[in-house]
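Asks: Residue numbers (my numbering), protein chains in the order written: chain A, 30 to 364; chain B, 8 to 322.
No residue lacks a Cβ here, since even glycine has one placed at the ideal position from N, Cα and C.
As the structure is a computational prediction, the values presented were derived from the model and not from experiment.
(1) Is there at least one Cβ from chain B nearer than 8 Å to residue 339 (chain A)'s Cβ?
(2) I think residue 266 (chain B) touches residue 250 (chain B), with their Cβ atoms under 8 Å apart; what is that distance to the nearest whole Å?
(3) At a CB-CB cut-off below 7 Å, which residues of chain B make contact with residue 77 (chain A)?
(4) Which residues share a DSSP beta bridge with residue 90 (chain B)?
(5) Can you confirm whether residue 174 (chain A), when its beta carbon is compared against all beta carbons of chain B, has any partner nearer than 8 Å?
(6) Mind pulling the chain A residues with CB within less than 9 Å of residue 238 (chain B)?
(7) For residue 310 (chain A), I'd like the list of residues in its chain whose CB is within less than 7 Å of its CB, leaving aside the five on either flank, ordered along the chain.
(8) Quick one: grab the DSSP three-state call for residue 158 (chain B).
(9) Taking only three categories from DSSP, how would you classify residue 65 (chain A)?
(10) List the residues of chain B whose Cβ lies closer than 7 Å to the Cβ of residue 50 (chain A), in chain order.
(11) Can you give me the Cβ contacts of residue 149 (chain B) inside the same chain, cut-off strictly under 6 Å, excluding the 5 residues immediately before and after it?
(12) Please name the residues in the stretch 291-302 of chain A whose beta-carbon is closer than 8 Å to at least one beta-carbon of chain B, in chain order.
(13) Taking all protein chains shown into account, do 16 or more other C-beta atoms lie within 10 angstroms of the C-beta of residue 227 (chain B), making it buried, or fewer, making it exposed?
(14) Hey, does residue 32 (chain A) have any beta-carbon neighbour from chain B nearer than 8 Å?
(15) How is the alpha helix (DSSP H) around residue 251 (chain B) delimited, first residue to last?
(16) Is there contact here, the stretch 37-53 of chain B with the stretch 96-110 of chain B, by at least three beta-carbon pairs under 8 Å?
(17) Give every residue of the same chain whose Cβ lies closer than 6 Å to the Cβ of residue 38 (chain A), excluding the five residues on either side of it in the sequence, and list them in chain order.
(18) Does residue 81 (chain A) come out as helix, strand or coil in the three-state DSSP assignment?
(19) Suppose contacts are defined by Cβ-Cβ distances below 8 Å. Is residue 114 (chain B) in contact with residue 343 (chain A) by that definition?
(20) For residue 101 (chain A), collect the residues of the same chain with a Cβ closer than 6 Å to its Cβ; drop the 5 residues on either side in sequence, then sort them by chain order.
(21) Using a Cβ-Cβ cut-off of 8 Å, state whether residue 96 (chain B) counts as contacting chain A.
(22) Taking only three categories from DSSP, how would you classify residue 192 (chain A)?
(23) How would you call residue 207 (chain A), buried or exposed, if buried means at least 16 neighbouring beta carbons within 10 angstroms?
(24) Mind pulling the chain B residues with CB within less than 8 Å of residue 100 (chain A)?
(25) Find the nearest neighbour of residue 71 (chain A) within the set A:125, A:318, A:335, judged by alpha-carbon distance.
(26) Look up residue 182 (chain A) in the DSSP assignment and say whether it is helix, strand or coil.
(27) Taking a cut of 8 Å between CB atoms, which residues from the stretch 273-302 of chain B lie near chain A?
(28) At a Cβ threshold of 8 Å, is residue 323 (chain B) touching chain A?
(29) In terms of alpha-carbon separation, which member of A:177, A:40, A:61, A:195 lies closest to residue 189 (chain A)?
(30) Within 8 Å, do at least three Cβ pairs link the stretch 281-298 of chain A to the stretch 225-243 of chain A?
(31) DSSP puts residue 203 (chain A) in a beta bridge; with which residues?
(32) What does residue 307 (chain A) reach in chain B if we use C-beta pairs closer than 8 Å?
(33) Nearest chain A C-beta to residue 117 (chain B) closer than 8 Å, yes or no?
(34) What does residue 130 (chain A) pair with, by DSSP beta-bridge criteria?
(35) So what does DSSP say about residue 179 (chain B), is it helix, strand or coil?
(36) Residue 124 (chain A) to residue 331 (chain A), Cα distance in whole Å?
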């Protein structure tokens, strides 16, 4: 129940901002729901936008389970997109059935590789991973900026900084005749189920949970803590890398600097609302995606700044922390 | 290479370094105060955004400059209180709370900015703090122009370093703060309320961070842009580790970084033709990581950092 209370609390707090903006709260939230689910086009957009959020949400939830605070999903997403662009723009040509899995694999490897330095710094030097993963986000964005303005710039793009298009064999097919919803959704759902099975039923999943709950006890029980943390980090980075592949090869078709409007950071909220449960990441991602898609429509209709969506996401992270704690204790009023 | 050495000899380079160092000083000292009391404050990036927006907005709405600084500090302290309620009183994860505060505080700043200025296409400007030339001292060659012809907020930043050092290491209050981060049980045994000390430290530290943000919009630039903090908060967190939680070394670290930033702007003009500008912009972030690697083995974290204190609990 905790996430529902958290969402409710966040919506009440944002209601204050909405009424400050001079709009009717119920009308505004009505418009938000309508904008996210009111038509087949809206549902299509909401699901499309949820794809990267499912993947970054999974990345964060796996890492946080082991108390490895990977805040670098944004950077890992872009590194995955770089890998998709490097291999998918003509370097290699395979039949579609092989090309797409190959690009996904390369993106995952690249995303995981970006976490190697932060995780080794954590396990061997005790350097806090939050700061290193955050700083790498900025570095990666500058690398992307350099590549698409320089050596990787598409000469056909008429001056816009963007990379060449992914070749036809590598493009993720769309799922429906109309709209932008693409095969990435299936990929994301498969990953969610696989990660859920791994966390719940495999020995490795058990080890991740044990390390996260009490690293000392896990060590005592014979679990190789460092090895577990390193592998967890690689999986986490890999999932975020796949999000980059899916956005490049599925949604846009080419790499730009605005590929992700902060999907990596929103992934933290997705994972927290899902209480780090990989299956719950799916509805959580769809919900937050609906908040973004719906608030675009709402802000156009009643003139509320679109940043209301970001406020709701931020508040929900804090609210879910709080409500989880209250669900673990019994509240008793002292006389 | 000789170009680079020439840059180091110009007063303009040093003046820029001292100007750029000010927000880093405020931010790093703010984080240092929080962590000395045992609380990691990853809300810094968002709290600096709040300070940058609210201080600027105060002046834009007709308030005076110092009123803006105080208002920014107050806003920072409020977000600090929020962080303290979650991490100190409820004992929740300091990592996740901090990230949540950053997401919430930055989004709220942008929301409020857009609410108050819905139609501004180009960011409106204020009259920022002007440089004050200190008599006699500003006539010294090189140093005079670099250090003694700065804005009042920069002088404040430079004076804050010894002030924070003095309070932390030479007063009973500072001892209580530091011990709350090392051995809270011992502090409690002295009859001092650990929760109150930590809450106050996080609020004061957050006020510092917000003033650092306000410096950027009120003394360095004259307008508020989206994404203008641009990772400076995270660099401050790295600087605290680099400084081993020591105010004096924090100043040295901050100066190093500011110098690097001032140098890269000038180096872009001289060797920019050969090296793409993105690599210059990358330097501060890469250097932060390198600095942490260098210092990691030697540093001694405050013993109770990240550990919530619950009264009466066995250790």
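Replies: Let me spell this out:
(1) Counting from 1 along the first chain, the entry for residue 339 (chain A) is found at position 310. With 8 Å as the cut-off, residue 339 (chain A) counts as an interface residue toward chain B.
(2) Taking the first residue of the second chain as 1, we reach residue 266 (chain B) at position 259. Taking the first residue of the second chain as 1, we reach residue 250 (chain B) at position 243. Incorrect: roughly 16 Å between the Cβ atoms, too far for contact.
(3) Translated into positions along the first chain, residue 77 (chain A) becomes position 48. Result: empty, since nearest Cβ-Cβ is about 23 Å, beyond 7 Å.
(4) As a working mapping, residue 90 (chain B) is identified with position 83 in the second chain. In the DSSP output, where bridge partners are listed per residue, residue 90 (chain B) has none listed.
(5) Here residue 174 (chain A) refers to the residue found at position 145 of the first chain. With 8 Å as the cut-off, residue 174 (chain A) counts as an interface residue toward chain B.
(6) Here the question's residue 238 (chain B) lines up with position 231 in the second chain. Neighbours of residue 238 (chain B) on chain A, chain order: 163, 164, 166, 167.
(7) For the purposes of this step, residue 310 (chain A) is taken as the residue at position 281 of the first chain. Cβ within range, chain order: 83, 86, 87, 90, 221, 299, 300, 303.
(8) Within the second chain, numbered from 1, the residue matching residue 158 (chain B) stands at position 151. Residue 158 (chain B): strand per DSSP, three-state reduction.
(9) Reading the first chain from its first residue, position 36 is the one you call residue 65 (chain A). Residue 65 (chain A): helix per DSSP, three-state reduction.
(10) Against the first chain, residue 50 (chain A) aligns to sequence position 21. Those within 7 Å of residue 50 (chain A) in chain B are 122.
(11) Locating residue 149 (chain B) in the second chain gives position 142, counting from the first residue. Around residue 149 (chain B): 18.
(12) 294, 297, 298, 301
(13) Within the second chain, numbered from 1, the residue matching residue 227 (chain B) stands at position 220. Buried, because 16 or more other Cβ atoms sit within 10 Å of the Cβ of residue 227 (chain B).
(14) As a working mapping, residue 32 (chain A) is identified with position 3 in the first chain. No, residue 32 (chain A) does not count as interfacial toward chain B.
(15) Translated into the one-based positions of the second chain, residue 251 (chain B) becomes position 244. Unbroken run through residue 251 (chain B): none, as it is neither H nor E.
(16) yes
(17) Taking the first residue of the first chain as 1, we reach residue 38 (chain A) at position 9. Hits under 6 Å: 348.
(18) The sequence position of residue 81 (chain A) within the first chain is 52, counting from 1. Correct three-state label for residue 81 (chain A): helix.
(19) In the second chain, the residue the question calls residue 114 (chain B) occupies position 107. In the first chain, the residue the question calls residue 343 (chain A) occupies position 314. The answer is yes: Cβ separation under 8 Å.
(20) Walking along the first chain from the start, residue 101 (chain A) turns up at place 72. For residue 101 (chain A), where only same-chain residues beyond five positions count, the Cβ hits under 6 Å are 162, 165, 166.
(21) To locate residue 96 (chain B), count along the second chain from 1; it is residue 89. Residue 96 (chain B) does not count as touching chain A.
(22) Residue mapping note: residue 192 (chain A) aligns to position 163 of the first chain, counting from 1. If DSSP states are grouped into helix, strand and coil, residue 192 (chain A) belongs with the strands.
(23) By one-based count along the first chain, residue 207 (chain A) stands at place 178. So residue 207 (chain A) counts as exposed.
(24) Numbered from its first residue, the first chain carries residue 100 (chain A) at position 71. Correct list: 106.
(25) Residue 71 (chain A) sits at position 42 when you count from the first residue of the first chain. Per the Cα distances, A:318.
(26) Reading the first chain from its first residue, position 153 is the one you call residue 182 (chain A). The answer is strand: DSSP assigns residue 182 (chain A) an E or B state.
(27) 283, 285, 286, 288, 289, 292, 293, 295, 296, 299, 300
(28) Lying outside 8 to 322, the shown extent of chain B, residue 323 (chain B) is not represented and no answer is given.
(29) Taking the first chain and counting its residues from 1, the one referred to as residue 189 (chain A) is at position 160. Of A:177, A:40, A:61, A:195, the residue nearest in Cα terms is A:177.
(30) no
(31) Here residue 203 (chain A) refers to the residue found at position 174 of the first chain. A:211.
(32) As a working note, residue 307 (chain A) is residue 278 in the first chain. Result: empty, since nearest Cβ-Cβ is about 18 Å, beyond 8 Å.
(33) In the second chain, residue 117 (chain B) corresponds to position 110, counting from 1. So yes, residue 117 (chain B) belongs to the interface.
(34) Indexing the first chain from 1 puts residue 130 (chain A) at position 101. Per DSSP, none; premise fails for residue 130 (chain A).
(35) Residue numbering aside, residue 179 (chain B) sits at position 172 when the second chain is read from its first letter. Three-state result, residue 179 (chain B): helix.
(36) To locate residue 124 (chain A), count along the first chain from 1; it is residue 95. To locate residue 331 (chain A), count along the first chain from 1; it is residue 302. When rounded, the distance between both Cα atoms is 48 Å.
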